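Heads up: the first sequence is residues 0 to 784, going by numbering that gives the first Met the number 0.
Here the structure is laid out as structure tokens; the discussion comes afterwards.
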Amino acid sequence: MDRYEPLKIEAKWQEKWEAEQPYRAIEKSGMPKMMLAEMFPYPSGAGLHVGHVRNFTIVDVLTRFYEQQRMNVMRPFGYDTFGLPAENYAIKTGVSPKAATATNIANFRKQAKRLGFAIDWSREINTSDPEYYKWTQWCFLQLYKKGLAYQKESYQWWCPEDQTVLANEQVENGKCWRCGHEVEKKKMKQWFFKITEYADELLDEIDALDWPEKIRTMQKNWIGRSAGAEIEFAVGSRKITVFTTRPDTILGATFLVVAPEYAGLEYIVSDDCRDAVMKYKADALKKSEIERQENKEKTGVFTGAYAINPATKEKIPVWVADYVLAGYGTGAIMAVPAYDERDREFAEKFDLPIVEAELVDRDLYGTPKVTYKMRDWLISRQRYWGCPIPIAYDKDGNPHPIPEDQLPVMIPEVDDYRPDNSGRSALAKAKDWLKVEIPVTDPKTGETHMEEMTRETDTLDGYACSSWYLWRYASPHDTEYAWNPEAIKYWEPVDVYVGADHAVAHLLYVRFWCKFFADEGFLPFREPIKKLIYHGYINAPDGKKMSKSKGNVIDPLDVINDGYGADTLRTYEMFIGPVELDAAWDPRSVGGVYRFLNRCYNLMTSALVPGPRPSGPSPRADGAISRAAALRNTPELNTDIIRHKTIKKVTTDIHKCNFNTAVAALMEYVNELYKVGATTEDLVVLAKLLKPFAPHLASEMLERLEADDEWPKWDEKYLVAENVEIVVQVNGKLRAKLNIAADDAADEEKVKELAFADERIQKYIADGVKKAIFVPRAKLLNLVV
RNA sequence: GCCCGAGUGGCGGAAUUGGUAUACGCGUUCGACUUAAAAUCGAAUGGGAAACCAUAUGGGUUCAAGUCCCAUCUCGGGCACCA
0 MDRYEPLKIE
10 AKWQEKWEAE
20 QPYRAIEKSG
30 MPKMMLAEMF
40 PYPSGAGLHV
50 GHVRNFTIVD
60 VLTRFYEQQR
70 MNVMRPFGYD
80 TFGLPAENYA
90 IKTGVSPKAA
100 TATNIANFRK
110 QAKRLGFAID
120 WSREINTSDP
130 EYYKWTQWCF
140 LQLYKKGLAY
150 QKESYQWWCP
160 EDQTVLANEQ
170 VENGKCWRCG
180 HEVEKKKMKQ
190 WFFKITEYAD
200 ELLDEIDALD
210 WPEKIRTMQK
220 NWIGRSAGAE
230 IEFAVGSRKI
240 TVFTTRPDTI
250 LGATFLVVAP
260 EYAGLEYIVS
270 DDCRDAVMKY
280 KADALKKSEI
290 ERQENKEKTG
300 VFTGAYAINP
310 ATKEKIPVWV
320 ADYVLAGYGT
330 GAIMAVPAYD
340 ERDREFAEKF
350 DLPIVEAELV
360 DRDLYGTPKV
370 TYKMRDWLIS
380 RQRYWGCPIP
390 IAYDKDGNPH
400 PIPEDQLPVM
410 IPEVDDYRPD
420 NSGRSALAKA
430 KDWLKVEIPV
440 TDPKTGETHM
450 EEMTRETDTL
460 DGYACSSWYL
470 WRYASPHDTE
480 YAWNPEAIKY
490 WEPVDVYVGA
500 DHAVAHLLYV
510 RFWCKFFADE
520 GFLPFREPIK
530 KLIYHGYINA
540 PDGKKMSKSK
550 GNVIDPLDVI
560 NDGYGADTLR
570 TYEMFIGPVE
580 LDAAWDPRSV
590 GGVYRFLNRC
600 YNLMTSALVP
610 GPRPSGPSPR
620 ADGAISRAAA
630 LRNTPELNTD
640 IIRHKTIKKV
650 TTDIHKCNFN
660 TAVAALMEYV
670 NELYKVGATT
680 EDLVVLAKLL
690 KPFAPHLASE
700 MLERLEADDE
710 WPKWDEKYLV
720 AENVEIVVQV
730 NGKLRAKLNI
740 AADDAADEEK
750 VKELAFADER
760 IQKYIADGVK
770 KAIFVPRAKL
780 LNLVV
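Laid out in structure tokens, this is it:
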């Protein structure tokens with residue numbers, strides 16, 4: 000007996016796809032293009048997890064859906080390979096990050112192929128490949144040339160465990176996003192990208208994007224624009240400039256507060272207060288972010304200095320307190336305890352005056368100023384396994400860019416991957432590599448000579464590598480350009496981008512780089528991603544996060560190899576719930592999806608067997624199929640209506656990314672076909688609609704049915720039934736359903752006549768009907784008694 | 001604390017502009033097939049004997065409310081001294 004054996008079918012089709020590579024994307028002018036991508040994975044040693052499968056399957060369903068509609072589709076694939084896990088593994092085992100990465104990529108590729116994704120494998124990229132990071136360095140140099148990559152000495156987040164600085168976006172609740180260790184503040188000279196240059200545009204254009212509101216709100220909050228004013232307060236011969244959003248409250252400003260890290264603090268502090276202020280500053284710097292958050296009790300000390308309020312001309316004291324943040328505004332505020340809750344709390348604690356003053360004109364004493372919460376993006380990392388920053392220093396310590404023709408700056412081979420104790424990465428251990436000859440032009444004579452310099456030993460934040468990879472997909476092997484201008488013009492921006500993480504960091508950085516490279520004339524668009532699908536996580540059956548330590552991890556490859564196959568896994572993960580919500584894995588529901596695919600297969604085989612239906616018991620298909628077969632071809636029971644209804648439902652559901660209800664509609668269709676019998680046309684349509692979810696089974700069905708996979712169209716004429724059901728309510732309650740001819744259903748008088756004559760209705764309307772509301776659109780009649 | 005989002009059967013979840021609540025799947029029960037089990041197929045499945053009552057709770061608007069309005073409770077997410 001022919002039965003559904005997913006592992007056999009899937010092996011057959013995967014072999015065929017491997018040999019034929021049918022998903023190559025080729026530019027075809029005049030043909031509408033559709034480019035789709037997932038947030039490329041970090042290939043860990045553990046292999047694919049169920050979350051990857053959800054992510055990649057969403058992209059695959061859409062890819063196949065558009066491909067079947069004969070759009071010119073590109074669905075590339077790549078690996079985000081720099082980062083701490085590979086480096087820490089190297090420190091522990093001595094296996095080089097390069098070798099470990101190669102092994103992990105091979106495993107990921109194999110597993111992705113086992114899931115049957117419609118990937119153009121010729122467009123595979125890897126951020127730690129020198130052919131790739133050469134261009135990451137090129138991007139850095141473009142930003143450097145325009146002053147958007149710069150060095151600054153300031154207090155930075157430092158992770159003592161990973162021995163590296165971190166960007167603001169990589170500190171979560173005062174802890175390192177990678178290892179969870181508490182972070183500290185450390186004063187260091189570091190490289191930054193000037194993302195704040197684009198703060199306004201990043202904010203203003205976000206609402207025009209087809210992105211989930213949640214992400215747009217998070218980005219807006221992160222950028223955090225506030226309009227206010229800067230006001231100068233004289234302090235002896237010096238001055239303190241404060242930022243305020245309420246310059247109109249200046250008459251109530253009874254003291255100033257500066258942050259502990261405030262740059263001019265040591266110059267204004269009086270001698271008798273100096274010890275107390277310096278001690279307070281030292282304590283504040285030592286405090287971890289966690290401690291600062293836990294203790295919101297106001298603390299602070301008087302500096303001994305007084306400022307002149309420019310509005311009242313009164314002398315007001317200057318305090319230092321850690322509730323004022325060094326990095327925001329000017330690091331100094333005018334405290335108006337009558338209007339600001341925090342200032343009031345501080346004033347009450349330290350017995351400072353609170354004055355309920357009148358408001359003044361906003362522009363009277365200050366200059367208008369817009370401030371952002373977002374800071375510039377700190378990109379230096381004191382780690383080995385990253386993209387080297389293409390910079391060298393002369394003997395005076397001045398930075399010089401590595402000339403573009405010397406790229407890539409290769410990562411040197413070392414024996415020990417540990418950072419050295421001086422706060423430098425392991426790159427510092429490659430003594431020969433450190434020395435480099437850089438051409439220097441004398442500004443006076445215009446002559447160029449070579450000068451020996453020392454290379455930068457910091458590497459770039461991995462987010463830099465992922466800030467441009469979507470463009471590399473357009474021309475992944477180009478040796479002349481980071482992205483080929485013609486290819487980028489055809490394929491991009493990305494039409495659909497799918498992911499579950501990086502709401503602010505990555506998704507803000509790609510927008511920033513896009514705007515910069517558009518300004519430089521390298522990109523013909525200013526937003527890189529048209530539509531973003533942000534899907535939920537898949538949790539363990541107990542609803543908790545899957546984790547190795549809890550032992551509740553579901554391995555997708557186990558699900559496949561248990562006999563369910565990739566089609567069941569894929570379809571299940573689309574059926575699991577609304578795409579944007581988290582879902583809990585349910586092993587029994589996986590079985591339900593398997594049964595559904597099995598029913599699809601049996602429907603086909605029983606229809607394809609010529610002659611009388613198989614009789615008697617059989618392993619998978621028996622009586623009901625026979626009955627369905629017996630009903631087939633009986634003209635009264637044609638399936639045109641349900642077929643067209645299903646085409647419409649599945650098509651519109653996929654457009655709306657309602658994958659769970661699309662699968663439900665297919666299940667409903669199969670259930671119907673089991674009852675009334677399937678025509679060949681029904682089976683072909685079923686296979687076509689099923690293909691995005693279960694491509695192996697669907698391909699097998701289409702082959703046996705000798706049909707192509709072109710997406711079917713529905714015809715509205717089949718959706719208009721000859722008879723319709725009219726709902727009759729009495730006082731809003733369902734009392735009867737009338738099955739009447741479609742022509743009569745639009746006729747109010749006719750419907751009423753039939754309803755009044757219906758015995759189920761008569762008993763409710765014996766005392767007369769006050770009002771009758773007929774809604775043809777809803778096919779509903781409501782009688783008010 | 002502030003800003004969003006969500007509360008629907010035993011469970012995951014469906015329900016155009018307000019218009020038949022509970023699609024689909026799981027689970028459960030019964031039946032067919034089988035020596036038996038599994039698998040498969042079929043039937044039933046919100047509660048209640050019924051009238052009726054049910055979409056977190058209490059009000060409101062409406063001929064009609066899961067959907068709109070007000071209040072309350074619970075859960076989830078984001079931000080968190082941003083002046």
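Here a beta-carbon is modelled for each residue, glycine too, at the ideal position from N, C-alpha and C.
Just so it is clear, the structure is predicted and the values come from calculations on it, not from any experiment.
query: What are the complete alpha helix (DSSP H) segments, minimum 4 residues, inside the region 143-179?
result: none
query: Residue range of the alpha helix (DSSP H) that PRO555 falls in?
result: 555-558
PHE301, enclosing beta strand (DSSP E) - first and last residue: 300-307
task: Report yes or no: do the region 507-516 and the region 193-207 share at least 3 C-beta pairs separated by less than 8 Å?
output: yes
- prompt: Which full runs of the alpha helix (DSSP H) of 4+ residues lie inside the region 226-278, going along the chain?
  reply: 264-267
task: Reducing DSSP to helix, strand and coil, say where TRP710 ends up.
output: coil
message: Between TRP156, MET187, ILE194, which has its C-alpha nearest HIS180's C-alpha?
response: TRP156
query: Under 8 Å between the Cβ atoms of LEU377 and PHE191?
result: yes
Inter-residue spacing [alpha-carbon to alpha-carbon] between ALA166 and VAL323: 20 Å
query: Do you know how far the Cα of VAL493 is from the Cα of ALA306?
result: 55 Å
message: Please classify GLY396 as buried or exposed, where buried requires at least 16 neighbouring CB atoms within 10 angstroms.
response: exposed
- prompt: Should TYR266 be labelled buried (16 or more other beta-carbon atoms within 10 Å of its own) or exposed?
  reply: exposed
field: 3-residue-minimum beta strand (DSSP E) runs that sit fully inside the region 438-463, ordered along the chain
entry: 447-454
query: If you draw a straight line from the alpha carbon of ASN87 to that of LYS186, how long is it in whole angstroms?
result: 25 Å
ARG341, enclosing alpha helix (DSSP H) - first and last residue: 340-349
- prompt: Rounded to a whole number of angstroms, what is the C-alpha to C-alpha distance between ALA663 and CYS656?
  reply: 13 Å
query: Identify the residues that DSSP records as bridge partners of THR379: which are they?
result: For clarity, residue 379 is Ser in the given sequence; the question names Thr instead. DSSP lists LEU459 as partners of SER379.
- request: For TYR3, count neighbouring Cβ atoms within 10 angstroms of its own Cβ and tell me buried if that reaches 16, exposed if not.
  value: buried
query: Does DSSP put ARG598 in a helix, in a strand, or in coil?
result: helix
Cβ separation of CYS386 and TYR149, assumed to be a contact under 8 Å, to the nearest whole Å: With a Cβ gap of about 18 Å, CYS386 and TYR149 do not count as contacting.
query: Under the three-state reduction of DSSP, which class applies to LYS674: helix, strand or coil?
result: helix
query: So, ALA337 versus ILE353, is the Cβ gap smaller than 8 Å?
result: yes
message: Can you determine whether any heavy atom of the ligand FMN sits closer than 7 Å to the C-beta of ASP362, and answer yes or no?
response: Only the bare structure without any ligand can be found here, which leaves the ligand FMN out of the picture.
query: Can you tell me the Cα-Cα spacing of GLY29 and ILE388, whole angstroms?
result: 41 Å
field: Backbone secondary structure at ASN781 - three-state DSSP
entry: strand
task: Specify the secondary structure class of ILE410 as computed by DSSP and reduced to three states.
output: coil
field: Cα-Cα separation between GLN189 and LYS280, rounded to whole angstroms
entry: 22 Å
- prompt: Between GLN728 and LEU782, which are expected to be in contact by the criterion C-beta below 8 Å, what is the C-beta distance as a whole number of angstroms?
  reply: 7 Å
query: ASN420 to TRP210, Cα distance in whole Å?
result: 44 Å
- prompt: With 16 as the cutoff for other CB atoms within 10 Å, does ILE8 come out buried or exposed?
  reply: buried
query: Based on the DSSP output, what are the partners of PRO400 in its beta bridges?
result: ILE390
- request: Look up TRP190 in the DSSP assignment and say whether it is helix, strand or coil.
  value: strand
message: Here's a check: name, in chain order, each residue in its chain whose Cβ is nearer than 8 Å to the Cβ of HIS399, leaving out the five neighbours to either side.
response: ILE390, ALA391, TYR392, ASP393, ILE437, VAL439, MET452
- request: Alpha carbon to alpha carbon, how far is PRO475 from HIS501? Give it in angstroms, no decimals.
  value: 24 Å
message: What does the Cβ neighbour count give for ASN722, buried or exposed, with the cut at 16 atoms within 10 Å?
response: exposed
field: Through-space distance from GLU130 to ASP561, alpha-carbon basis
entry: 40 Å
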